[in-house]
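Each remark here refers to the structure printed beneath this line.
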Amino acid sequence: MLAAPGATGLADAVEARRVLLDDALRAIPLLEHLPGEVVDVGSGGGTPGIPLAASLPDRSFTLLEAERRKCAFLEEVTRPLGNVTVLWGRAEEQPTDSFGVALAKALAKPPVAAELCLPLVAPGGAAVLWLADSAERAAVATVADKLGGLLEEDADGLLVLRKVRPTPPGFPRRPGVAKKRPLA
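In numbering that gives the first Met the number 0, the protein residues as written are 0 to 183.
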């Protein structure tokens, strides 16, 4: 059986399905109303990108991962899917305003995840963040505003940041800066 190194510590199959599959699929209704190619930022073990790509075969997905060994795993398991590209790299090094939707689940604290995702999204698109109940939505809204976004929707633990303006000059910041010196 293939396993992404360090992908999950879940041992119970029912709990793994709930956390890795069912939780990812909650985004389908949102994605059905958002245009363009989808990028899963920090794809790691492949969720939410792989379950969503398998469920939405007419959409193009990019799994963006900074660790080469995880990319090798992702390339292997997505080979049967014709709508997935695996990209080895960091969010801060990708072209700005180039995707329709950016997804982030367990990437970083929500304000940092917003800073890593929103520059990737073209105006008219959105970033979708999976959030814990304790997440500071006001901080995420502040970051979104600085990056051309707008906090649009908070539905069932999924936060939608609509991209309303192009990414401003100076963003994305250099790799690692968002985590070291968050905008909010």
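Beta carbons: idealized from backbone N, C-alpha and C, even for Gly. Since this is a predicted model, take the numbers as computed values, not measurements.
For THR141, same chain residues with a beta-carbon under 6 Å away, outside a window of 5 residues either side, are ALA183 in chain order.
Here ARG161 is buried. Its C-beta has 16 or more other C-beta atoms within 10 Å. Sorting ILE49, GLY123, LYS108, GLY88 by C-alpha distance to the C-alpha of PHE98 places GLY123 at the top. Across the structure, HIS32 and GLU114 are spaced so that their CA atoms are roughly 22 Å apart. Contact fails between the region 93-110 and the region 72-83, because fewer than three Cβ pairs, one in each stretch, are under 8 Å apart. Straight-line spacing of the CA atoms in PHE170 and PRO109 works out to 17 Å. Less than 8 Å separates the beta-carbon of SER42 from that of LEU63. Going by C-alpha positions, THR166 is about 7 Å away from ASP96.
Distance check between ALA131 and each of ALA107, LEU117, CYS116, ARG180 places ALA107 closest, using alpha-carbon atoms only. DSSP, read as helix, strand or coil, puts ASP96 in coil.
In this structure, ARG89 is the residue among ARG89, PRO34, ALA138 with its C-alpha nearest to the C-alpha of ARG173. Of the residues LEU149, TRP129, LYS179, the one whose Cα lies closest to the Cα of ARG25 is TRP129. DSSP, read as helix, strand or coil, puts LEU160 in strand. Relative to ALA53, the option among ALA23, ALA138, PRO34 whose CA is nearest is ALA23.
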